[in-house]
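Enquirer: Take the sequence shown: its position 151, counted from the start at 1, is 155 in the working numbering, and no numbers get skipped. Cβ coordinates follow ideal geometry from the N, Cα and C atoms, glycine included. In this text, all values refer to a predicted model and were calculated from it rather than measured experimentally.
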Amino acid sequence: MSQLTPLTMGHSKLVLRRLTIALYPVWPIVMASLLIAPGANAQAARDLATPQPFEAQYRLEVRGWPSTTITHRLSHEGEHWLSDMRFSITVASGQESSRFSLDGDDIRALLFSSSYSVLGVGDRYQLNESEIPTLDRQSALFDLSRRAGHENCIARSPCAIAFVDQKGRDEHFQYYVDDRNVDEQIIDGPATLSVPAGEFEALRVSLIDTEKPDRLLTLHFHPDWPGLILSAVYQKDGRRETQLTLTQFQPDGGATP
Numbered sequence: 005m006s007q008l009t010p011l012t013m014g015h016s017k018l019v020l021r022r023l024t025i026a027l028y029p030v031w032p033i034v035m036a037s038l039l040i041a042p043g044a045n046a047q048a049a050r051d052l053a054t055p056q057p058f059e060a061q062y063r064l065e066v067r068g069w070p071s072t073t074i075t076h077r078l079s080h081e082g083e084h085w086l087s088d089m090r091f092s093i094t095v096a097s098g099q100e101s102s103r104f105s106l107d108g109d110d111i112r113a114l115l116f117s118s119s120y121s122v123l124g125v126g127d128r129y130q131l132n133e134s135e136i137p138t139l140d141r142q143s144a145l146f147d148l149s150r151r152a153g154h155e156n157c158i159a160r161s162p163c164a165i166a167f168v169d170q171k172g173r174d175e176h177f178q179y180y181v182d183d184r185n186v187d188e189q190i191i192d193g194p195a196t197l198s199v200p201a202g203e204f205e206a207l208r209v210s211l212i213d214t215e216k217p218d219r220l221l222t223l224h225f226h227p228d229w230p231g232l233i234l235s236a237v238y239q240k241d242g243r244r245e246t247q248l249t250l251t252q253f254q255p256d257g258g259a260t261p
């Protein structure tokens, strides 16, 4: 039976770290705790979409790695919601899930767990409700996609976001709804986006790391399906590093939009 030597263990951890960094913008994504900038909540509390359970699959492409499929499920379990994402390729796997409750338009994070592994070496994390002061990554992704377009968050006046990662540490981003569609034309309201899963209405949201302004994450959300990602592209120094694309979408008991 082969064993991991200190050298191979060190290499595995390096690969794990690089893969985690590469996947972070989309896999552990904006799945973070979210603080809307002062003045945004007055508009954000109106006409938010009603959550709907679904199952989706995304194609994840990371520069320098083989593409893989992410499975994403949003399910309603009694008084709670569960958002779960997971992927697996030959040498790596990852999973994140969050339980949260809704009280009107307010979200309360209850339990967050995540795990990542490369060549059998990895980490597991869990945050209980008392360790999540605002939201975790999965519930925040749901919240961001639900609120996008309902606040006055534009490029010249973006909203602030405070992220809590898998270890409960804060990170800070800004976001705004972009008024350009994929053809760089100015639009008013949701555009139409074609992906392998079909053609959908889409809101384009841009996120910027306040500590690393050379990095940009652009996402397209469906305005009527909170939590659903239509596409996401992460760029560093203007070069695409990671891309996520919706390939399959199955509403739970509903019709495809």
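In angstroms, rounded to a whole number, what distance separates the CA positions of Pro217 and His176?
Expert: Numbered from its first residue, the sequence shown carries residue 217 at position 213. Numbered from its first residue, the sequence shown carries residue 176 at position 172. Going by the C-alpha atoms only, they are around 11 Å apart.
Enquirer: Could you tell me which residues DSSP pairs with Pro255 in its beta bridges?
Expert: As a working mapping, residue 255 is identified with position 251 in the sequence shown. Answer is Phe58.
Enquirer: Decide if Arg173 is buried, meaning its Cβ has at least 16 other Cβ atoms within 10 Å, or exposed.
Expert: The residue labelled residue 173 in the question sits at position 169 within the sequence shown. Flag for Arg173 reads exposed.
Enquirer: Under the three-state reduction of DSSP, which class applies to Leu221: helix, strand or coil?
Expert: Working through the sequence shown from its first residue, we reach residue 221 at position 217. In the structure shown, Leu221 sits in a strand (DSSP, three-state: E or B).
Enquirer: For Glu135, which residues from the same chain have a beta carbon less than 8 Å from its beta carbon, with the 5 sequence-adjacent residues on both sides left out?
Expert: Mapped onto the sequence shown, residue 135 falls at position 131. Result list for Glu135: Gly172, in chain order.
Enquirer: Counting pairs of beta carbons, one from the region 137-144 and one from the region 111-128, are three or more of them closer than 8 Å?
Expert: The region 137-144, when compared against the region 111-128, does touch it at the 8 Å Cβ threshold.
Enquirer: Measuring CA to CA, which of Ala159, Phe58, Arg219 and Lys240 is closest to Ser79?
Expert: If you number the sequence shown from 1, residue 79 lands on position 75. When only C-alpha atoms are compared, the closest one is Phe58.
Enquirer: Report the three-state DSSP secondary structure of Ser118 (helix, strand or coil).
Expert: What you label residue 118 is simply residue 114 of the sequence shown in a count that begins at 1. Of the three classes helix, strand and coil, the one that applies to Ser118 here is strand, per DSSP.
Enquirer: Whole alpha helix (DSSP H) runs in the region 113-166 with 4 or more residues, listed along the chain?
Expert: Correct list: 141-151.
Enquirer: Output the distance between the C-alpha atoms of Arg266 and Trp69, rounded to the nearest integer angstrom.
Expert: Since the first residue shown for the chain is 5 and the last is 261, residue 266 is missing from the structure and cannot be characterised.
Enquirer: What separation, rounded to the nearest whole angstrom, lies between the Cα atoms of Ser235 and Gln247?
Expert: Your numbering for residue 235 matches position 231 in the sequence shown. Your numbering for residue 247 matches position 243 in the sequence shown. Rounded to whole angstroms, Ser235 to Gln247 spans 7 Å at the Cα level.
Enquirer: If I'm right that Leu106 touches Pro55 with Cβ under 8 Å, what's the distance once you round it to whole angstroms?
Expert: As a first step, residue 106 must be located in the sequence shown, where it is residue number 102. As a first step, residue 55 must be located in the sequence shown, where it is residue number 51. Leu106 to Pro55, Cβ: 7 Å. Contact.
Enquirer: For Pro200, count neighbouring Cβ atoms within 10 angstroms of its own Cβ and tell me buried if that reaches 16, exposed if not.
Expert: Along the sequence shown, read from residue 1 onward, the residue named residue 200 stands at position 196. Classification for Pro200: exposed.
Enquirer: To which residues of the same chain is Thr72 closer than 6 Å at the C-beta, ignoring the five residues directly before and after it?
Expert: Locating residue 72 in the sequence shown gives position 68, counting from the first residue. Excluding residues within five positions, the ones whose Cβ falls inside 6 Å are Leu64, Phe91 and Ile93.
Enquirer: Using the rule of at least 16 other Cβ atoms within 10 Å of the residue's Cβ for burial, across every protein chain shown, is Ser102 buried or exposed?
Expert: Position 98 of the sequence shown, counting from 1, holds the residue named residue 102. Buried, by the Cβ-count rule.
Enquirer: Can you give me the start and stop residues for the beta strand (DSSP E) that His80 sits inside?
Expert: For the purposes of this step, residue 80 is taken as the residue at position 76 of the sequence shown. Residues Thr72 to Glu81.
Enquirer: If you draw a straight line from the alpha carbon of Asp213 to that of Pro162, how long is it in whole angstroms?
Expert: The residue given as residue 213 occupies position 209 in the sequence shown. The residue given as residue 162 occupies position 158 in the sequence shown. So the two alpha carbons sit approximately 12 Å from each other.
Enquirer: Thinking Gln181 and Ala152 are a contact (beta carbons under 8 Å), I'd like their distance in whole angstroms, please.
Expert: Working through the sequence shown from its first residue, we reach residue 181 at position 177. Working through the sequence shown from its first residue, we reach residue 152 at position 148. Checking the displayed sequence, the identity of residue 181 turns out to be Val instead of Gln. So it is a contact: roughly 6 Å between Cβ atoms.
Enquirer: Which of the three DSSP states, helix, strand or coil, is assigned to Ile93?
Expert: Position 89 of the sequence shown, counting from 1, holds the residue named residue 93. Of the three classes helix, strand and coil, the one that applies to Ile93 here is coil, per DSSP.
Enquirer: Find out if the Cβ-Cβ distance for the pair His76, Ala96 is shorter than 8 Å.
Expert: Residue numbering aside, residue 76 sits at position 72 when the sequence shown is read from its first letter. Residue numbering aside, residue 96 sits at position 92 when the sequence shown is read from its first letter. No, the pair does not count as a contact, with Cβ atoms beyond the cut-off.
Enquirer: Alpha carbon to alpha carbon, how far is Tyr238 from Glu245? Give it in angstroms, no decimals.
Expert: As a position in the sequence shown, residue 245 is number 241, starting the count at 1. As a position in the sequence shown, residue 238 is number 234, starting the count at 1. Their Cα atoms are separated by approximately 6 Å.
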